[in-house]
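Visitor:
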Amino acid sequence: MSIARQLLHDFRPFFRMLDEPLRSAAFARSRSLLDDTYPWFPVGREMLRGPTVDISEAGNTYIVEAELPGVKKENLQVRIGDGGRSLTIEGKLLTGTESTESAPVSEGNGDKARAISTERSAFGSFSRTVFLPRAVDSNAVAAKLQDGILQLTLNKAEDKASVVVNVE
């Protein structure tokens, strides 16, 4: 193993800690050994912790994009709270595939085997709250879910606390 790879491996817990600042220590300890051994495996569990959210600003609007693979719009709820300062995305992940017959699969000894039943499922709920730099108008929100990406367009609210003071 190269020195660089060894250093990256040794610092893996530190990088993980930086990636998950709001995670409780109890939840972090309950992670499965499979998460470290097979990094591709916990895709469903990563989603259940909360979706990945990107926020950008364009003029007088915020554009929020959240990755929600496998979530249907009927299992999704978006709320604006705290006087327009917070955005909460909640949902349920209910996916499953079932197959009763499939093509023959060859085994190592030359015999052919046929899968009789295959089942995969992922389920659970998630919630993610982000706080916005400025309040938004909760009556002027557009939401669209397409190809596993939720895109929200939030218009900034008028700053009611801001008052122009005349100087004499």
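So the sequence shown is numbered by my numbering: it starts at 48 and just counts up by one. By construction, the Cβ of each residue, glycine as well, lies at the ideal position given by its N, Cα and C atoms.
(1) Considering just the uninterrupted stretch of the beta strand (DSSP E) at glycine 235, what are its terminal residues?
(2) Could you tell me the boundaries of the beta strand (DSSP E) in which valine 118 lies?
(3) Can you grab the Cα-Cα spacing for the pair valine 100 / glutamine 124, in whole Å?
(4) May I ask you to list the residues that DSSP assigns as paired with lysine 191?
(5) Leaving out five residues before and five after valine 118 in sequence, what residues of the same chain have Cβ atoms less than 7 Å from its Cβ?
(6) In the DSSP output, what is arginine 132 paired with across the bridge?
(7) What's the gap between the Cα of aspartate 184 and the Cα of tyrosine 109?
(8) Hey, out of Lys207, Gly130, Leu197, whose CA is closest to asparagine 122's CA?
Guide: Reading it off the structure:
(1) Only positions 48 to 215 of the chain appear in this structure, which leaves residue 235 out of reach.
(2) Careful: valine 118 lies outside any beta strand (DSSP E) and carries neither H nor E.
(3) Cα to Cα, valine 100 sits roughly 15 Å from glutamine 124.
(4) Bridge partners of lysine 191: Gln198.
(5) Gly138, Leu140
(6) BP columns for arginine 132 are empty, so no partner.
(7) 11 Å
(8) Leu197
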